[in-house]
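A short write-up of the structure that comes next.
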Ligand code: 3H9
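Residue numbers (the working numbering): 13 to 711.
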């Protein structure tokens, strides 16, 4: 069956890309499209051609799964097909709905005209995969919408809606009703003969403004420094767009093609593509059929109107789901609601959402002070402080007041979900939904499966994550679950490094340069140091005495330094500023602790900091995999990419580990274990994979 369907309406041929799920322009679709297009172009009875997509969208672009495979090299290539379309002797109109992304939009740019359904996403997101548009996008888009607007779309990779695309000149007409009918009508309104042809390559008018602004590219490079830090593709994209202005079309196109070919084999692109696919794989649960029934979530409740509870409630409201939020003390409730209102107002002020959107979200959030006023929510998420007794009390009450079908979820980040579930008579309906702070911003949702959590509850909670715009990853019950358990291993070593000779600013700089948005100490100051301190104090009695423990963080808290909220923590802060400043007082404290513990301070370089922080984190990931607490290495990567800002261009910790080589990591860990003891003992799975020359990707 051909991947392109041909039909005819009067003298217009309609070619429909029909290659589920996203009309990816892999070899099968390219071959079929080239043949069908050639036939239509050669047919003297055909006056015009409409190109459209079947199913949910026009096209999501090149088939990413074929990159690095011989199929991607097999003709006809996408640039060849687009050139053929552009040079056809009859007008070609793209009829676009759903998404026209990457090569999909490039295909549409090769058409003389574009008709689109309002709301369609149109964009060149290639940079998010570590590449640039490689089928003429960097040369044609500036010719259609001008250089400045094209730079924005190509370098940020963010799609625009068809309405905006229309205003930019990328869409010639917004379809009122059926897009194919609209495109056919559009063809019929075109002038006869050559007057209807409009090859994009020949369009020069939109380039004029940039020709008069020689500073444009250098200025643009300055604005992208922060967001594009450590990334190659955005800068390469600017160079290619620059070529659209400084070179003839064919030369610019060739330059783009060469740049694309170089980037597509780069380690950054491999890592970013890995990130794309593991995120989608994380939505699939082993042993849970795709058609597992899910419950409808049309109403929700949140227990606790603190920072987490408020952020979680905002997620529901943003998704249009009414949510009751409970705080027993009215004053605390009002304070929490005010913070929510303030967060929305800040988004309105920054132009991120409209005042109308804020009003509709606020109208969906209702504060209550009594469990009996929770109504009949489809799901309740408990987000109170981390104390088992308090959580059990809440769950007992929830079980008593909520309908038997209501899913009862806990936002705990450390406690045993099974113990919480046991207090109810519906353990199948109990699950962990661990959001990350700020919960209305961070995209990770660790869904924690208890021993008795039902398949339906799991499927519903995973679907809910998608509905809330989150990335759901299913994990098992253990202390800290996947993310925080690995984080402990990382922070522990960063503290030990201070005792051995490092300083917070040095350690943070090394991890920032590695690609994290912030180092562990600046993150600690941002999150607040008192929370961890309370947990450590509560656990002090059960802490194994044979394991190394760093007292520095406790000593800092004893000084009343809780981080940014007290303008002092690991760093100090000027009033009203969030910029960490190295503090001699902390340096003195660290040196004193080193002396007390008998460590002779030594210089520690960046490479050692990275190894010392990242390898134990990876080692913990290996233990988590062996214990079956994460389904696959890619799930761990997804947790770290979306919950902890792990540099995406490194693919996540487990992917990064494979790029380093597990043998090397094992060797370093073994040496560290000899020097520093138990915390650094290589995990059995790491040992086994290293010994057999395999990586996590082989599992
Ligand atoms: C490019 O075009 C290069 C050119 O410039 C140059 C060429 C020479 N390829 O995300 P979903 C799969 S680079 C292969 O869950 P949604 C996806 O893995 C490309 N597979 O759906 C999933 O598979 P599974 C530039 C793809 O509705 C299934 O389709 N384009 C591709 O939430 C459904 O996907 C992009 O970067 C692909 N291109 O979102 C766009 N796209 O079911 C990438 C998707 O087995 N795609 N799949 O897990 C997207 O952003 C989203 O998929 C989209 C739909 C918004 C389209």
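Where a beta carbon is used, it is the ideal one built from N, C-alpha and C, also for glycine. Computed from a predicted model, the values in this text were never measured in an experiment.
If you draw a straight line from the Cα of residue 519 to the Cα of residue 510, it is about 8 Å long. Contact annotation, residue 479 with residue 357: C-beta distance approximately 25 Å; criterion of less than 8 Å not satisfied. Between residue 648 and residue 664 the beta-carbon gap is near 7 Å, inside 8 Å, which marks them as a contact. Secondary structure at residue 223: helix, using DSSP grouped into helix, strand and coil.
Distance from the C-beta of residue 143 to the nearest heavy atom of ligand 1 is below 7 Å.
A residue is called buried once 16 or more other Cβ atoms fall within 10 Å of its Cβ, and residue 131, having fewer, is exposed. Taking a C-beta distance under 8 Å as the contact criterion, residue 403 and residue 427 qualify as a contact pair. Within the same chain, Cβ atoms closer than 7 Å to the Cβ of residue 57 are found at 23, the five residues on either side in sequence being excluded. Contact annotation, residue 645 with residue 708: C-beta distance approximately 4 Å; criterion of less than 8 Å satisfied. The beta strand (DSSP E) runs of length 3 or more contained entirely in the region 281-351 are, from start to end of the chain, 312-315 and 335-338. Distances between the C-beta of residue 272 and the heavy atoms of ligand 1 include at least one below 7 Å. Residue burial annotation: residue 301 is exposed, with fewer than 16 other C-beta atoms found within 10 angstroms of its C-beta. Under the three-state reduction of DSSP output, residue 133 falls in the strand class. In this structure, residue 506 and residue 529 do not form a Cβ contact; the two beta carbons are roughly 16 Å apart against a cut-off of 8 Å. Minimum Cα-Cα distance from residue 279 among the listed residues 667, 493 and 681 corresponds to 667. Bounds of the beta strand (DSSP E) holding residue 111 are 111-113.
With contacts defined by Cβ atoms closer than 8 Å, residue 391 and residue 309 form a contacting pair. Excluding sequence positions up to five before and after residue 244, its CB lies within less than 6 Å of the CB of 280, all in the same chain and listed in chain order.
DSSP places residue 242 outside any alpha helix (DSSP H), giving it a letter other than H or E. Beta-bridge analysis with DSSP links residue 446 to 458.
Under the DSSP assignment, residue 497 falls in the alpha helix (DSSP H) whose first and last residues are 495-512. When the beta-carbon positions are compared, residue 18 and residue 191 stay at least 8 Å from each other. Within the DSSP bridge table, the entry for residue 125 names 105 as partners.
Beta-carbon to beta-carbon, residue 232 and residue 184 are separated by about 27 Å, too far to satisfy the 8 Å threshold. Sorting 548, 359 and 211 by C-alpha distance to the C-alpha of residue 104 places 211 at the top. Assignment of residue 575 by DSSP, reduced to helix, strand and coil, places it in the strand class.
For residue 20, DSSP records a beta bridge to 25. Taking C-beta atoms as the reference points, residue 166 and residue 181 fail to come closer than 8 Å.
Rounded to the nearest whole angstrom, the CA to CA distance from residue 619 to residue 547 is 31 Å. Cβ contact annotation for residue 33 (same chain, cutoff 8 Å, sequence separation greater than five): 67 and 68, in chain order. Excluding its 5 nearest sequence neighbours in each direction, residue 464 has C-beta neighbours in its own chain below 8 Å: 430, 433, 439, 440 and 442, listed in chain order.
DSSP places residue 539 within a helical segment (H, G or I) once states are collapsed to three. Annotation: residue 378 is outside any alpha helix (DSSP H); the continuous beta strand (DSSP E) that includes it extends over 377-380.
Counting C-beta atoms within 10 angstroms of its own C-beta, residue 608 has fewer than 16 neighbours from the protein chains shown and is therefore classed as exposed. Judged by the Cβ position, residue 111 qualifies as a neighbour of ligand 1 at the 7 Å threshold, a heavy atom of the ligand being closer than this.
For residue 693, same chain residues with a beta-carbon under 6 Å away, outside a window of 5 residues either side, are 685 in chain order.
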